[in-house]
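One gets this note's numbering by counting positions in the sequence shown from 1 and adding 37 to each. Cβ atoms here follow ideal geometry from the backbone N, Cα and C, with glycine treated the same way.
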Amino acid sequence: MKNSEINALSVSEINERIAAEQEKLTKLRFAHAVSPIENPNRIRETKKLIARLKTFLTAKQSAK
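What follows is the structure, encoded as C-alpha cells:
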C-alpha cells in the first residue's frame, strides 16, 4: 500500500486497516512458528505497513 493510498483513507478506514494488518501479522507469526513460511520478509513488511498506518493516523488526528 502506497503512501498516497493511505493518505486518501479516512480515520475510521485507517483504524480498520490497522486492525486487519495486526490480525494478519499475528497469523503470519503463528504460521512461521509452526513451520517456516516461504517468505519471512512478509512479517517485516506487515510490521512496517502497520507503523506507516499509525503514523498517518496520528498526523490526521493532530491536524484536526
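| Item | Value |
| --- | --- |
| CB of F132 within 9 Å of CB of N44, strictly | Beyond the ends of the chain as shown, which are 38 and 101, falls residue 132; an answer cannot be given. |
| Option nearest T83 by Cα separation, candidates V48, I55 and E42 | I55 |
| Backbone CA spacing between K39 and P73 [nearest angstrom] | 28 Å |
| CB contact flag (K91, V48, <9 Å) | no |
| 8 Å CB neighbourhood of L86 in its chain, flanking five on each side removed | M38 and E58 |
| Helix, strand or coil at L46 [DSSP, three-state] | coil |
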